[in-house]
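Numbering (the working numbering), first residue to last: 262 to 408. For each residue, glycine too, the CB sits at the ideal point set by N, CA and C. Only one structure is covered here, and it is reproduced in the block below.
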């Protein structure tokens with residue numbers, strides 16, 4: 262293919278988009294402790310056995326699904342393109358999070374909506390956001406990946 266342009270306004274806008282995508286996804290994943298705290302308290306109030314483990318599994322499923330499905334997200338990115346894969350991922354992540362907001366007292370449902378749906382969506386959005394940087398940067402790829 263053509264050499265990466267290593268800059269230009271479009272390349273830097275793509276880098277900013279990638280940065281925002283990663284910030285949103287990992288901001289949500291890495292702040293799960295806030296959700297965990299409330300979910301754990303609610304589960305204990307409902308006298309759910311193993312409340313701590315069940316509340317922790319929701320977040321673990323999300324991050325596990327995100328990384329476990331990254332190779333599949335990479336293949337899908339090659340097949341249908343970066344934009345469509347990222348859009349589908351964002352849509353699925355949104356549906357998963359939105360659904361989760363209505364299912365806060367049903368931990369088994371949260372396994373599906375937050376753990377799996379959001380996790381798949383995050384994977385489909387995150388993976389292409391890294392791939393696209395290689396299309397626009399060669400010399401500065403290390404810089405923009407670490408930005």
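Check: First and last residue of the uninterrupted alpha helix (DSSP H) at residue 366; Outcome: Premise fails: residue 366 is in no alpha helix (DSSP H) and is neither H nor E.
Check: Cβ contact (3+ pairs, closer than 8 Å) linking the stretch 378 to 388 and the stretch 271 to 286; Outcome: yes
Check: Euclidean distance between Cα positions of residue 333 and residue 318; Outcome: 23 Å
Check: Pairwise C-alpha distance: residue 345 and residue 375; Outcome: 22 Å
Check: Cβ-Cβ separation, residue 290 to residue 324 (assumed contact under 8 Å), whole Å; Outcome: 5 Å
Check: Cβ shell of residue 393 (< 7 Å), same chain only, five flanking positions each side left out; Outcome: 275, 279, 343
Check: Buried/exposed call for residue 363, threshold 16 Cβ in 10 Å; Outcome: exposed
Check: Where residue 346 falls: helix, strand or coil (DSSP); Outcome: helix
Check: Limits of the alpha helix (DSSP H) - the one that residue 292 falls within; Outcome: Element bounds for residue 292: n/a, residue is neither H nor E.
Check: Whole-Å CB distance - residue 382 paired with residue 350, under 8 Å assumed; Outcome: 5 Å
Check: Own chain residues within Cβ distance below 8 Å of residue 322, not counting five before or after; Outcome: 372, 375, 376, 377, 380
Check: Which of helix, strand or coil DSSP assigns to residue 339; Outcome: helix
Check: Other residues of its chain near residue 326: CB distance less than 7 Å, five sequence neighbours each side excluded; Outcome: 376, 377, 380, 381, 384
Check: When 404, 403, 313, 397 are compared against residue 270, the one with the closest alpha-carbon; Outcome: 397
Check: Beta-carbon spacing of residue 399, residue 311 below 7 Å; Outcome: no
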